[in-house]
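A.B. asks:
Residue numbers (full-length UniProt numbering): 1 to 272.
Laid out in structure tokens, this is it:
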């Protein structure tokens, strides 16, 4: 009897030693340091043949020479606009040492706005000028070109000597909004993102069950690595105009530039 008990004890002890303990619990792998980069995308006009050139025509007759400190009255009735064209003209005339009369006072000359129009222009193609900042062929191709709306503006004036009624200067100019000097720039953020975090979490959970740990004690499981992808944000415009709505807001800027171009053509003679 004692012999049988001893044999059973030895067999039980040997069996316990043959059972392999479960593998330790798996832990989530350490996450890598993810990078983020902010980029300014700079676009330049490709100068498409469809873009109208700025055209300027100015004729000044010598019958009455304009001299400093003479006065000018304005007639803007033919082309009412929703911005302060009078203020623009006042500043340009003041730069030529000419005064704008107030209210209904009479001046030496009358500056009449014959025409001022703003209407949709051709589509303009802009090209990314700093491709190297992206450092990625797919992103370079994605953001290489932008097609934007544009606006054509046309303005014309005539200057009349009030006492004689003689028209002594007439001028007109046309331009496209793409010729304004405001750069078209966008902000872009490119950041790294782990794309298989949920899969790794599910793998760890599945391999931490009691049954899986026993299996892993004999057949180790290979923990998958994190997969990282570059994610780009939506473009955020920093400066410039591209949509039709944005371009339509450039009427004031276009008019100011056209007035500046034409006023440079107006000759004011110094008194001798």
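For each residue, glycine too, the CB sits at the ideal point set by N, CA and C.
Owing to the predicted nature of the structure, the values given are computational and were not obtained by experimental measurement.
1) Please classify residue 246: does DSSP put it in a helix, a strand, or coil?
2) Report the option in 201, 70 and 260 whose CA atom is closest to the CA atom of residue 29.
3) Using the three-state DSSP reduction, which class does residue 266 fall into: helix, strand or coil?
4) Leaving aside the five residues before and after residue 236 along the sequence, list all residues of the same chain whose C-beta is less than 7 Å from its C-beta, in chain order.
5) On the three-pair Cβ rule with 8 Å, is the region 154 to 161 touching the region 108 to 128?
6) Under 8 Å Cβ to Cβ from residue 289, same chain only, skipping five residues before and after it: list those, please.
7) Fully enclosed by the region 55 to 123, which alpha helix (DSSP H) runs are 4 residues long or longer?
8) With three or more C-beta pairs closer than 8 Å as the rule, is the region 209 to 224 touching the region 250 to 268?
9) According to the neighbour-count rule (16 or more other Cβ atoms, all chains shown, within 10 Å of its Cβ), is residue 64 buried or exposed?
10) What does residue 216 pair with, by DSSP beta-bridge criteria?
11) At the level of alpha carbons, what is the spacing between residue 37 and residue 179?
12) Sort out for me which residues DSSP pairs residue 173 with in a bridge.
13) Is DSSP giving residue 178 helix, strand or coil here?
14) Along the alpha helix (DSSP H) that carries residue 205, what are the first and last residues, could you check?
15) Quick check on residue 222: does DSSP put it in helix, strand or coil?
16) Buried or exposed for residue 251, going by 16 or more other Cβ atoms inside 10 Å?
17) Could you work out which residue in 126, 217, 207 and 192 is closest to residue 46 when comparing CA atoms only?
18) Considering Cα atoms alone, identify which of 94, 44 and 104 is closest to residue 131.
19) Could you tell me whether the region 144 to 152 touches the region 234 to 248, using the rule of 3 or more Cβ pairs below 8 Å?
20) Please return the same chain residues whose Cβ sits closer than 8 Å to the Cβ of residue 34, not counting the five positions on each side in sequence.
21) Alpha carbon to alpha carbon, how far is residue 76 from residue 86?
22) Could you give the C-beta distance for residue 40 and residue 238, rounded to a whole number, given that I count them as a contact under 8 Å?
23) In the DSSP assignment, the alpha helix (DSSP H) including residue 35 goes from what residue to what residue?
24) Roughly how many whole angstroms lie between the Cα atoms of residue 234 and residue 183?
25) Using the DSSP secondary-structure output, state which residues sit across from residue 232 in a beta bridge.
26) Residue 142 to residue 109, Cα distance in whole Å?
27) To the nearest angstrom, how far is the alpha carbon of residue 231 from that of residue 124?
28) Measuring CA to CA, which of 73, 81 and 257 is closest to residue 100?
C.D. replies: So, to answer that:
1) Counting from one through the chain shown, the residue named residue 246 turns up at place 246. Collapsing the DSSP output to three states places residue 246 in a helix.
2) Along the chain shown, read from residue 1 onward, the residue named residue 29 stands at position 29. Taking only the C-alpha atoms, the option nearest residue 29 is 201.
3) Here residue 266 is taken as the residue at index 266 of the chain shown, counted from 1. Coil, per DSSP.
4) Working through the chain shown from its first residue, we reach residue 236 at position 236. Hits under 7 Å: 186 and 187.
5) Short answer: they touch.
6) An answer regarding residue 289 cannot be provided, because it is not within the stretch 1 to 272 covered by the chain.
7) Those alpha helix (DSSP H) runs which fall completely within the region 55 to 123 and span 4+ residues are 85 to 95.
8) The region 250 to 268 vs the region 209 to 224: no contact.
9) Taking the chain shown and counting its residues from 1, one reaches residue 64 at position 64. The residue is buried, with at least 16 neighbouring Cβ atoms inside 10 Å.
10) Mapped onto the chain shown, residue 216 falls at position 216. For residue 216, DSSP records no beta bridge to any residue.
11) Here residue 37 corresponds to residue number 37 of the chain shown, with the count starting at 1. Here residue 179 corresponds to residue number 179 of the chain shown, with the count starting at 1. Distance between residue 37 and residue 179, taken at the CA atoms: about 31 Å.
12) Reading the chain shown from its first residue, position 173 is the one you call residue 173. DSSP output for residue 173 lists 56 and 155 as bridge partner(s).
13) Your numbering for residue 178 matches position 178 in the chain shown. Residue state, collapsed to three classes: helix.
14) Indexing the chain shown from 1 puts residue 205 at position 205. Its alpha helix (DSSP H) spans residues 197 to 206.
15) The residue given as residue 222 occupies position 222 in the chain shown. Secondary structure at residue 222: coil, using DSSP grouped into helix, strand and coil.
16) By one-based count along the chain shown, residue 251 stands at place 251. By the beta-carbon neighbour count (other beta carbons within 10 angstroms, threshold 16), residue 251 is buried.
17) Within the chain shown, numbered from 1, the residue matching residue 46 stands at position 46. Closest by alpha carbon: 126.
18) As a first step, residue 131 must be located in the chain shown, where it is residue number 131. Checking every option, the nearest Cα to that of residue 131 belongs to 44.
19) Taking 8 Å as the limit for Cβ pairs, the verdict is that the region 234 to 248 does touch the region 144 to 152.
20) The residue you call residue 34 lines up with position 34 of the chain shown. Excluding five sequence positions before and after residue 34, the CB atoms of its chain that fall closer than 8 Å to its own CB belong to 191, 192, 193, 194 and 228, given in chain order.
21) Within the chain shown, residue 76 is the residue found at index 76, counting from 1. Within the chain shown, residue 86 is the residue found at index 86, counting from 1. If I take the Cα positions, the gap works out to 8 Å.
22) For the purposes of this step, residue 40 is taken as the residue at position 40 of the chain shown. For the purposes of this step, residue 238 is taken as the residue at position 238 of the chain shown. Indeed, because the Cβ distance is near 7 Å, the residues count as touching under 8 Å.
23) In the chain shown, residue 35 corresponds to position 35, counting from 1. Counted as a single uninterrupted DSSP element, the stretch harbouring residue 35 is not any alpha helix (DSSP H), since DSSP gives it neither H nor E.
24) On the chain shown, position 234 is the one that residue 234 refers to. On the chain shown, position 183 is the one that residue 183 refers to. Here the C-alpha atom of residue 234 lies approximately 19 Å from the C-alpha atom of residue 183.
25) For the purposes of this step, residue 232 is taken as the residue at position 232 of the chain shown. Checking the DSSP bridge columns, you'll see residue 232 partnered with 190.
26) Reading the chain shown from its first residue, position 142 is the one you call residue 142. Reading the chain shown from its first residue, position 109 is the one you call residue 109. Our two residues, residue 142 and residue 109, have alpha carbons roughly 56 Å apart in a direct line.
27) Numbered from 1 along the chain shown, position 231 holds the residue referred to as residue 231. Numbered from 1 along the chain shown, position 124 holds the residue referred to as residue 124. Residue 231 and residue 124 have their alpha carbons spaced roughly 28 Å apart.
28) Residue mapping note: residue 100 aligns to position 100 of the chain shown, counting from 1. It is 73.
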